[in-house]
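Numbering-wise (this note's numbering), the sequence shown opens with residue -13 and increments by one. Glycine included, every Cβ here is placed at the ideal spot set by N, Cα and C. What you are looking at is a predicted structure, and each value in this text was computed from that prediction instead of being measured.
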Amino acid sequence: MKAILCNGHESIVIGDIEESKPKKHEIIVEPLYGSICGSDIAIAQFHGKSYPGVQPSKEKPVILGHEWSGMSGDQLVSSGCNMPCLAQTIYPPCPNCSIGRDDQCFNRGRIGFEFPGAFREKMPFPAVQVYEVPDGLSTKDASQTEPASVSISAVSMLGEVDGEKDVLIYGAGAIGLYALQYAKVMGANSIFAIDIADFRLDLAKKLGADRVINPKKEDPVQVILDETDGRGVGVALECTGYPPAFNQALKVTARMGTVVIVSIYGGELKIEQPFKDMTDRGLIIKNARLSPGNAVRKAISCLADKSIKSVITHEFKMEEAKKAFEVAANPAENNSIKVVIKIGQ
Ligand SMILES: [Zn+2]
Ligand SMILES: [Zn+2]
-13 MKAILCNGHE SIVIGDIEES KPKKHEIIVE PLYGSICGSD IAIAQFHGKS
37 YPGVQPSKEK PVILGHEWSG MSGDQLVSSG CNMPCLAQTI YPPCPNCSIG
87 RDDQCFNRGR IGFEFPGAFR EKMPFPAVQV YEVPDGLSTK DASQTEPASV
137 SISAVSMLGE VDGEKDVLIY GAGAIGLYAL QYAKVMGANS IFAIDIADFR
187 LDLAKKLGAD RVINPKKEDP VQVILDETDG RGVGVALECT GYPPAFNQAL
237 KVTARMGTVV IVSIYGGELK IEQPFKDMTD RGLIIKNARL SPGNAVRKAI
287 SCLADKSIKS VITHEFKMEE AKKAFEVAAN PAENNSIKVV IKIGQ
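Here's what the structure looks like:
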């Protein structure tokens, strides 16, 4: 059986691996589309990146992938990437799983990270983590369930976006663009989107951003403060992983506002804003990581009813996996946002 493996620095290969047998609580799923995430690119160490805790090597290659759609029998299915207590048959579930916050499970494990990933022709998958995809959502777009679910929980559960709030989306990659669309669903007042690439800002505009800002041309802090009468936004979603963006987000978030970090900072994150100022303004900082089961279900329904449109820009065959990763890792040269790989036939 074929799988997309990473066996070290920028090394993406198609390997022939043995089929794993399903355990009692698992079913066999046949992935049809795999979608490349920024964390896959970090695990594969493109551009000197790395991912904490996941070290692929020739001796221990990693089966990549946590964004996927596939078949369970003749039913199209998808999932998030988290394997919380119930998916691991840990009973009773941990306190966080018990309150529906399985994104922060104490026994968390993720496919494509600690557990083998989805970029393979067949995989055993916990039955409780398999979500049915309704008619009307294509196999390809269903692969966007996981990233859309991360954005949905960041916007609603963590950001608590509503009609009163102005929202900042910092970074108009896939996560940012899905967050933008869900902020729209939640009735956000005014939405600002910041990105250094005009092609991504054009799409942000089409998908509902009220004001787009390219920091190469305008000062985002000045623009946002000017256009919110000096108050700043109620919710800022930092989706770049670039520390200066986080610092700017702190500056433009209003009193009692929330900054949600929906990205991973490779290096050290230095907070430049004086702490006293942040406490004085009652700022709330939250971290989005994975997504709870209810956000996965919501992602599937929003992708199906097109209130969240997929932002896939490139599709490759399984044999072209290396090229797919190169295109995903170099978005500026390729105008790429989301890159998917067709795995099944
Ligand atoms: Zn992802
Ligand atoms: Zn748990």
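| query | result |
| --- | --- |
| Residue of I257, L144, N280, A310 minimising C-alpha distance to G243 | L144 |
| Every unbroken alpha helix (DSSP H) inside the region 228 to 308 [4 residues or more] | 229 to 237, 261 to 266, 279 to 290 |
| Per-residue DSSP class, three states only, for L193 | coil |
| Where C71 falls: helix, strand or coil (DSSP) | helix |
| contact_flag[the region 260 to 270, the region 95 to 115] where n(CB pairs < 8 Å) is 3 or more | no |
| 8 Å Cβ cutoff met for W54 and S124 | no |
| Cβ-based burial, Y77 [other Cβ within 10 Å; buried from 16] | exposed |
| Inter-residue Cα distance where the pair is E132 and K35 | 22 Å |
| Coil, strand or helix - G24 by DSSP | helix |
| A165 versus N320: straight-line alpha-carbon distance, rounded | 23 Å |
| Backbone secondary structure at Q41 - three-state DSSP | coil |
| Classification of K151 by the beta-carbon crowding that lies within 10 angstroms, buried from 16 upward | buried |
| DSSP three-state assignment for V119, whether helix, strand or coil | coil |
| Residues that F178 bridges to, as DSSP identifies them | L154, R197 |
| Beta-bridge pairing of Q61 - partner residues as DSSP gives them | S58 |
| Three or more C-beta pairs below 8 Å linking the region 7 to 26 and the region 320 to 330 | yes |
| Beta-carbon proximity of V219 to S65, cut-off 8 Å | no |
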